[in-house]
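**Q** Mapped onto mature numbering (1 follows the signal peptide of the UniProt record, and there is no 0), the consecutive letters of the sequence shown carry residue numbers -17 to -1, 1 to 136.
Please find one structure pasted underneath; my questions will follow.
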Amino acid sequence: MKKVMCILLALVGLLQAAELKKVSFEEYLSKFDYKERETMKIKTPDMLVLVEEGKAILVDIRFREEFEVWHMNFAINIPLNELPKRLGELPKDKLIITACPHNDRSNIARLFLVQNGYNAKYLNDGLLKTADFLRGENAKEFLDEYKKMKEKK
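Now the structure itself:
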């Protein structure tokens, strides 16, 4: 059931992708409500489902040195301070999930992306939780599904 809900949410996001437009910070704040508070974040299991299905991209926004020391091999690295210059590397037709070890920098990155017309969420339990989650059977299951998706492309 959780997978079905994630798929439905992703499809709604993709359908709205054509309608995405830049919004000012003031406009974003004036429309901020409980729904936005909930939809702006995503947890590790839901993120993994969307990534393995090719419906979302995980963007690790840590500094390059942090990424080089350890990272998820399915994430792309665009450091927060490089994000404005590298927006063109991100597709507007997929959900962009920003991530860092906790969620401070990823939340800033998500807000910047939303203001620039992207459908974005931040990983609210952070990369450390993702690393903890992806052990043993969870790692094997995710990797198997992720490889299948990559082979289909």
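C-beta atoms are modelled at their ideal positions from N, C-alpha and C, and glycine is treated no differently.
Is residue 39 near residue 63, with beta carbons less than 8 Å apart?
**A** Against a cut-off of 8 Å, the Cβ pair of residue 63 and residue 39 comes out as no contact.
**Q** Does the distance from the C-beta atom of residue 109 to that of residue 85 stay below 8 Å?
**A** yes
**Q** Determine whether the beta carbon atoms of residue 113 and residue 55 lie at a separation below 8 Å.
**A** Going by C-beta atoms, residue 113 is nearer than 8 Å to residue 55.
**Q** To the nearest angstrom, how far is it from the Cα of residue 135 to the Cα of residue 53?
**A** The alpha-carbon atoms of residue 135 and residue 53 are separated by roughly 27 Å.
**Q** Less than 8 Å between the C-beta atoms of residue 44 and residue 103, yes or no?
**A** No, they are not a contact pair.
**Q** Beta-carbon within less than 8 Å of residue 11's beta-carbon, same chain only, minus the 5 sequence neighbours each way: which residues are those?
**A** Once the five neighbours on either side are set aside, the close Cβ partners of residue 11 are 94, 97 and 98.
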